[in-house]
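Here's the structure, in structure tokens; my notes come after.
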Amino acid sequence: MDNSQRYEEEIDLKDLMLHILYRWRSVLVIAVLVCALAGGYAAIYDQNVYPKERSEVEGRLQAQKDILAELKEQAQPDAPEPTDSEGRTADQVQKAIEEIEKELGEVKELSIPKYAVIGFVGGMFVLVFCYCLGYVFSDMIRGERELKERYGYYMLGAIPKKRKKKLFSGVDGLLTKLSGTERISEEEAYRIVATNITNLAKDGGTFLVTGTVDIGRLEEFTERIVPQLPESVMLMTGASMNANASTLEMLAECDAVILVEEQDGSLRTKVQKEYESISALEKNVIGYVLT
Numbered sequence: 012m013d014n015s016q017r018y019e020e021e022i023d024l025k026d027l028m029l030h031i032l033y034r035w036r037s038v039l040v041i042a043v044l045v046c047a048l049a050g051g052y053a054a055i056y057d058q059n060v061y062p063k064e065r066s067e068v069e070g071r072l073q074a075q076k077d078i079l080a081e082l083k084e085q086a087q088p089d090a091p092e093p094t095d096s097e098g099r100t101a102d103q104v105q106k107a108i109e110e111i112e113k114e115l116g117e118v119k120e121l122s123i124p125k126y127a128v129i130g131f132v133g134g135m136f137v138l139v140f141c142y143c144l145g146y147v148f149s150d151m152i153r154g155e156r157e158l159k160e161r162y163g164y165y166m167l168g169a170i171p172k173k174r175k176k177k178l179f180s181g182v183d184g185l186l187t188k189l190s191g192t193e194r195i196s197e198e199e200a201y202r203i204v205a206t207n208i209t210n211l212a213k214d215g216g217t218f219l220v221t222g223t224v225d226i227g228r229l230e231e232f233t234e235r236i237v238p239q240l241p242e243s244v245m246l247m248t249g250a251s252m253n254a255n256a257s258t259l260e261m262l263a264e265c266d267a268v269i270l271v272e273e274q275d276g277s278l279r280t281k282v283q284k285e286y287e288s289i290s291a292l293e294k295n296v297i298g299y300v301l302t
């Protein structure tokens, strides 16, 4: 295994860990819910089921003890050993009593704290396992550098998503730091993208802005970027070339392509089709932007 393969596996494992950690709220909610259900089950069992089961076993035990006492009273030194209505001797009844006593010892109350802990850990494990499966079998683009690793594209920048402020948002901030992503404003992110496009465009030209995201987001991106670019750099916007012939026509006319994709949103199969269409016309991709 060469260094690039090891590096790619490390990135995948790191992305998987962050993929799960970013969903800590749902993991915690489900774990607490299962914890409450398991603890509630134990409480209901102790209150309703346990007393009935114990009472039933104690009743059978007492009945056998009464039979044994009667058989001992009926016993005579020189007479045959007495039996009960089922033909059992005192020794056989004694064995039945021992078995019932063992059964009685197995009838116990459920530990509410124990069941609550098991429910919490079990609920957390099941949901984390489901997230792992979802990550492994998902076709969505994950890490910021995935397109670079797959196609050699240069990353122009990442536009931070607009997120509503949630409870314990400080935890999300800590996870962002762990991911190695710089926390910057949306305006600064657009400036970085515009600067990279300007530097890479060199003498200018006509560039096609396209991607697998919806056309509204592509147009919004273009509107935000154009005022920050030199006049020599012209942008035209086209919907996904996988489903739009007009974009393929623009692809043939442009000098290079700028891809706009969504992390945890764009599908690898669709991005692969874009790659094949761009390569067929031998067009250069100056870079990609993640939203």
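In the working numbering, the protein residues as written are 12 to 302.
Glycine residues also receive a C-beta, built at the ideal position from the N, C-alpha and C atoms.
Remember, it's a predicted structure, so these values are computed and weren't measured experimentally.
Would you tell me roughly how many angstroms separate the C-alpha atoms of residue i and residue j, rounded to the nearest one?
{"i": "P91", "j": "E67", "result": "33 Å"}
{"i": "Y146", "j": "R65", "result": "48 Å"}
{"i": "M312", "j": "T206", "result": "Residue 312 cannot be examined here, being either before or after the span of the chain that is shown, 12 to 302."}
{"i": "L27", "j": "A47", "result": "28 Å"}
{"i": "M12", "j": "G154", "result": "Unreliable placement is indicated for M12, whose pLDDT of 47 sits below 50; the coordinate value is still reported in the next sentence. If I take the Cα positions, the gap works out to 21 Å."}
{"i": "P171", "j": "A127", "result": "39 Å"}
{"i": "S196", "j": "I208", "result": "19 Å"}
{"i": "S290", "j": "E199", "result": "32 Å"}
{"i": "Q103", "j": "E69", "result": "19 Å"}
{"i": "Q239", "j": "V204", "result": "10 Å"}
{"i": "A107", "j": "C141", "result": "49 Å"}
{"i": "E242", "j": "F218", "result": "12 Å"}
{"i": "S326", "j": "L278", "result": "The displayed coordinates of the chain run from 12 to 302. Any statement about residue 326 would go beyond what the structure contains."}
{"i": "E21", "j": "V300", "result": "Because E21 sits at a pLDDT of 48, beneath the cut-off of 50, its placement in the model cannot be relied upon, and the point is left open."}
{"i": "N14", "j": "L44", "result": "The predicted model places N14 with a pLDDT of 44, which falls under 50 and marks its position as unreliable; any figure quoted below should be read in that light. Between N14 and L44, the C-alpha separation is close to 44 Å."}
{"i": "R34", "j": "A169", "result": "21 Å"}
{"i": "A74", "j": "R99", "result": "14 Å"}
{"i": "I269", "j": "S257", "result": "16 Å"}
{"i": "L29", "j": "F148", "result": "16 Å"}
{"i": "I78", "j": "E109", "result": "14 Å"}
{"i": "A101", "j": "P62", "result": "30 Å"}
{"i": "Y164", "j": "I55", "result": "60 Å"}
Is residue j closer than 9 Å to residue i when the C-beta atoms are compared?
{"i": "V271", "j": "V220", "result": "yes"}
{"i": "T280", "j": "D150", "result": "yes"}
{"i": "A80", "j": "F131", "result": "no"}
{"i": "T223", "j": "E273", "result": "yes"}
{"i": "A212", "j": "V237", "result": "no"}
{"i": "A267", "j": "G216", "result": "yes"}
{"i": "E293", "j": "M252", "result": "no"}
{"i": "R235", "j": "Y201", "result": "yes"}
{"i": "L121", "j": "D57", "result": "yes"}
{"i": "A53", "j": "K125", "result": "yes"}
{"i": "E276", "j": "I152", "result": "Contrary to the premise, residue 276 reads as Gly rather than Glu in this sequence. Yes, the Cβ-Cβ distance between G276 and I152 is below 9 Å."}
{"i": "Y162", "j": "V296", "result": "yes"}
{"i": "L259", "j": "S288", "result": "yes"}
{"i": "Q105", "j": "P93", "result": "no"}
Counting along the chain, where does the beta strand (DSSP E) carrying residue i start and finish?
{"i": "L167", "result": "M166 to A169"}
{"i": "L270", "result": "A267 to E272"}
What are the boundary residues of the alpha helix (DSSP H) that includes residue i?
{"i": "G130", "result": "I123 to F148"}
{"i": "L227", "result": "The sequence given here has Gly at residue 227, not Leu. Note, G227: alpha helix (DSSP H), I226 to I236."}
{"i": "E41", "result": "Note on residue identity: the sequence assigns Ile, not Glu, to residue 41. From DSSP, the alpha helix (DSSP H) with I41 extends over W35 to I55."}
{"i": "V104", "result": "A101 to E117"}
{"i": "A80", "result": "Y61 to Q85"}
{"i": "E160", "result": "E157 to Y162"}
Could you name the residues that DSSP lists as bridge partners for residue i?
{"i": "G216", "result": "V244"}
{"i": "A300", "result": "The sequence given here has Val at residue 300, not Ala. V300 pairs with G168 and V271."}
{"i": "T221", "result": "L270"}
{"i": "N295", "result": "A267"}
{"i": "L278", "result": "M151"}
For my contact list, residue i and residue j are in at a C-beta cut-off of 8 Å; report their separation, rounded to the angstrom.
{"i": "E112", "j": "L82", "result": "With a Cβ gap of about 18 Å, E112 and L82 do not count as contacting."}
{"i": "G298", "j": "M166", "result": "6 Å"}
{"i": "V139", "j": "I226", "result": "Between I226 and V139 the Cβ distance is about 37 Å, and since that is not below 8 Å, they are no contact."}
{"i": "G134", "j": "A42", "result": "4 Å"}
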